[in-house]
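Numbering of the sequence shown is given in the working numbering, commencing with residue 1 and proceeding in unit increments.
Glycine is no exception: its CB is placed at the ideal position from the N, C-alpha and C atoms.
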Amino acid sequence: MSHLTKYLQRTIQLFGKGVENVVLMKGADAPIRGPKTVFTFNTPEDIQGFATGCDGDIGGLSTVALELDERPEVNSSIGKAATGVFRGEMRLNVKPGMEKKIRGGYAGFRNKNRPAFLYGNLTEDASGYEYLALRLRLAGEPQTHNSYFVNLQTDGPVSTDLWQHRLYFRKQDAWEDLFIPFNNFVRTNAGEMSQKQIAMYREKIKSIGISILGGNSGVEGKYELGIDEIRFVNEEDAVDSVANSTLATDLSEKDTNEKATF
Numbered sequence: 001m002s003h004l005t006k007y008l009q010r011t012i013q014l015f016g017k018g019v020e021n022v023v024l025m026k027g028a029d030a031p032i033r034g035p036k037t038v039f040t041f042n043t044p045e046d047i048q049g050f051a052t053g054c055d056g057d058i059g060g061l062s063t064v065a066l067e068l069d070e071r072p073e074v075n076s077s078i079g080k081a082a083t084g085v086f087r088g089e090m091r092l093n094v095k096p097g098m099e100k101k102i103r104g105g106y107a108g109f110r111n112k113n114r115p116a117f118l119y120g121n122l123t124e125d126a127s128g129y130e131y132l133a134l135r136l137r138l139a140g141e142p143q144t145h146n147s148y149f150v151n152l153q154t155d156g157p158v159s160t161d162l163w164q165h166r167l168y169f170r171k172q173d174a175w176e177d178l179f180i181p182f183n184n185f186v187r188t189n190a191g192e193m194s195q196k197q198i199a200m201y202r203e204k205i206k207s208i209g210i211s212i213l214g215g216n217s218g219v220e221g222k223y224e225l226g227i228d229e230i231r232f233v234n235e236e237d238a239v240d241s242v243a244n245s246t247l248a249t250d251l252s253e254k255d256t257n258e259k260a261t262f
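Next up, the structure:
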């Protein structure tokens with residue numbers, strides 16, 4: 001598919017959203033919607049829609065990859081032929097000569113900007129939903145398991161704001177659904193918790209990503225996180241899946257002492 005065709009499709013999608021907002025009178029009393037799948041990680045094209053980064057890009061020693069995982073022993077339990085896997089090595093040291101210049105210990109991925117032909121970039125409207133839902137599979141070395149965060153960036157007034165929440169898991173080497181209330185995300189800027197916490201601008205979410213942050217906690221080792229899909233859901237959808245899920249609690253100030261750089 002050509003880039004021009006993709007741009008045209010996104011332009012039509014944006015135009016369609018505008019028409020829908022008028023017809024449904026969104027902004028007044030928006031209807032509550034069913035679950036919405038925002039991103040999937042089941043094809044090479046899905047994976048290509050995401051960008052990765054780590055301290056190794058600027059002189060650190062960590063590595064990062066987001067790849068397609070086609071192992072049947074990993075995916076058969078959820079009936080998928082393939083899923084995404086975010087993996088690499090977390091390292092705190094940096095290359096010779098980069099000491100005191102950069103800080104090691106981070107890696108992450110997020111969706112790329114999705115430009116439309118006429119109307120800028122596509123964004124996602126989560127204003128009618130209560131939870132961000134992620135289907136994930138925790139693997140890698142045990143010491144890395146408590147260092148994952150999910151990050152949201154919105155098209156709000158401060159472009160450098162990043163909304164963050166730690167990921168809490170109940171299982172290892174098994175798929176589970178995590179439900180994070182949008183109201184529990186914490187506003188950060190330049191890697192630090194913002195002193196002024198405001199409501200997230202959920203009408204226009206530009207990017208969703210996951211990072212592993214080992215810097216402050218001194219975590220090193222091989223990390224691996226499987227990812228199948230990202231959705232927006234409401235309470236009834238979270239309750240329906242609660243037997244195989246984790247419902248996130250508030251993100252404490254202690255949890256934001258890591259650098260949210262990606």
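| request: Go ahead and label residue 22 buried or exposed: buried means 16 or more other beta carbons lie within 10 angstroms of its beta carbon, across all protein chains shown. | output: For the purposes of this step, residue 22 is identified with residue 22 of the sequence shown, where counting begins at 1. Unreliable positioning characterises residue 22 in this predicted model, as indicated by a pLDDT of 37, which lies under 50. A coordinate reading is not provided.
| message | Just to confirm the assignment, what range does the alpha helix (DSSP H) spanning residue 46 have? | response | Along the sequence shown, one-based indexing puts residue 46 at 46. Segment 44-48, the alpha helix (DSSP H) holding residue 46.
| Distance, residue 184 Cα to residue 84 Cα | Here residue 84 refers to the residue found at position 84 when the sequence shown is read from its first residue. Here residue 184 refers to the residue found at position 184 when the sequence shown is read from its first residue. Residue 84 and residue 184: Cα-Cα distance of roughly 26 Å.
| message | At the level of alpha carbons, what is the spacing between residue 182 and residue 132? | response | Counted from its first residue, the sequence shown places residue 182 at position 182. Counted from its first residue, the sequence shown places residue 132 at position 132. Each residue's Cα considered, the two are about 6 Å apart.
| Which residues in the same chain have their Cβ closer than 6 Å to the Cβ of residue 75, if we skip the five residues on either side of it in sequence? | One-based indexing of the sequence shown puts residue 75 at position 75. Around residue 75: 83.
| said: Classify residue 151: buried if its beta carbon has 16 or more other beta carbons within 10 angstroms, exposed otherwise. | reply: Locating residue 151 in the sequence shown gives position 151, counting from the first residue. Counting the other Cβ atoms within 10 Å of the Cβ of residue 151 gives 16 or more, which makes it buried.
| query | If you draw a straight line from the C-alpha of residue 135 to the C-alpha of residue 163, how long is it? | reply | The residue labelled residue 135 in the question sits at position 135 within the sequence shown. The residue labelled residue 163 in the question sits at position 163 within the sequence shown. Each residue's Cα considered, the two are about 19 Å apart.
| said: For residue 65 and residue 88, what's the separation of their Cα atoms in angstroms? | reply: Position 65 of the sequence shown, counted from the first residue, corresponds to residue 65. Position 88 of the sequence shown, counted from the first residue, corresponds to residue 88. Residue 65 and residue 88: Cα-Cα distance of roughly 6 Å.
| field | Backbone CA spacing between residue 218 and residue 92 [nearest angstrom] | value | Start at 1 with the first residue of the sequence shown, and residue 218 comes out as number 218. Start at 1 with the first residue of the sequence shown, and residue 92 comes out as number 92. Rounded to the nearest angstrom, the two C-alpha atoms are 7 Å apart.
| said: What residue range does the beta strand (DSSP E) around residue 111 cover? | reply: One-based indexing of the sequence shown puts residue 111 at position 111. If you look at residue 111, you'll find it in the beta strand (DSSP E) that goes 106-111.
| task | Quick one: measure Cβ to Cβ for residue 36 and residue 231, integer angstroms, because I've assumed they're closer than 8 Å. | result | Here residue 36 is taken as the residue at index 36 of the sequence shown, counted from 1. Here residue 231 is taken as the residue at index 231 of the sequence shown, counted from 1. Their Cβ separation, rounded to whole angstroms, is 6 Å, which keeps residue 36 and residue 231 in contact under 8 Å.
| message | Cutting at 7 Å between CB atoms, please list the residues of its own chain near residue 77, excluding the five before and the five after it. | response | In the sequence shown, the residue the question calls residue 77 occupies position 77. When the five nearest sequence neighbours on each side are left out, the beta carbons in the same chain lying within less than 7 Å of the beta carbon of residue 77 are those of 175, in order along the chain.
| Distance between residue 159 and residue 121 (C-alpha atoms, nearest Å) | Here residue 121 corresponds to residue number 121 of the sequence shown, with the count starting at 1. Here residue 159 corresponds to residue number 159 of the sequence shown, with the count starting at 1. Going from the Cα of residue 121 to the Cα of residue 159 covers about 14 Å.
| Are the Cβ atoms of residue 47 and residue 68 separated by less than 7 Å? | Along the sequence shown, one-based indexing puts residue 47 at 47. Along the sequence shown, one-based indexing puts residue 68 at 68. In this structure, residue 47 places its C-beta atom within 7 Å of the C-beta atom of residue 68.
| field | Proximity winner among 226, 43 and 49, relative to residue 113 (alpha-carbon distances) | value | Translated into the one-based positions of the sequence shown, residue 113 becomes position 113. When 226, 43 and 49 are compared, the shortest CA-CA separation from residue 113 is found for 49.
| One or two residues paired with residue 68 in a DSSP bridge | In the sequence shown, counting from the first residue as 1, residue 68 sits at position 68. The partner list for residue 68 (beta bridge, DSSP) reads 84.
| Roughly how many angstroms lie between the CA atoms of residue 110 and residue 224, to the nearest whole one? | Locating residue 110 in the sequence shown gives position 110, counting from the first residue. Locating residue 224 in the sequence shown gives position 224, counting from the first residue. Taking the CA atoms as reference points, residue 110 sits about 16 Å from residue 224.
| Mind pulling the beta strand (DSSP E) runs of 3 or more residues that sit fully within the segment 134-177? | DSSP runs (the beta strand (DSSP E)) wholly in the segment 134-177: 148-154 and 161-166.
| field | Of the residues 98, 229, 126 and 210, the one placed nearest residue 106, counting alpha carbons only | value | Within the sequence shown, numbered from 1, the residue matching residue 106 stands at position 106. Comparing Cα-Cα distances from residue 106 to each of 98, 229, 126 and 210, the minimum goes to 210.
| task | Leaving out five residues on either side along the sequence, give the residues of the same chain with a beta carbon under 8 Å from the beta carbon of residue 197. | result | Here residue 197 refers to the residue found at position 197 of the sequence shown. Cβ within range, chain order: 186 and 187.
| task | Express the C-alpha separation of residue 79 and residue 215 in angstroms, rounding to a whole number. | result | Position 215 of the sequence shown, counting from 1, holds the residue named residue 215. Position 79 of the sequence shown, counting from 1, holds the residue named residue 79. Our two residues, residue 215 and residue 79, have alpha carbons roughly 36 Å apart in a direct line.
| message | Using only the alpha-carbon positions, how far apart do residue 251 and residue 233 sit? | response | Locating residue 251 in the sequence shown gives position 251, where the first residue counts as 1. Locating residue 233 in the sequence shown gives position 233, where the first residue counts as 1. Only weak support is given to the placement of residue 251: the predicted model assigns it a pLDDT of 41, under 50, and the value that follows is read from those uncertain coordinates. Each residue's alpha carbon lies about 19 Å from the other.
| Residue interval of the beta strand (DSSP E) (run including residue 201) | Here residue 201 is taken as the residue at index 201 of the sequence shown, counted from 1. Here residue 201 belongs to no beta strand (DSSP E), and DSSP marks it neither H nor E.
| query | Short check: CB of residue 124 to CB of residue 205, under 7 Å? | reply | On the sequence shown, position 124 is the one that residue 124 refers to. On the sequence shown, position 205 is the one that residue 205 refers to. Cβ distance < 7 Å, so residue 124 and residue 205 count as in contact.
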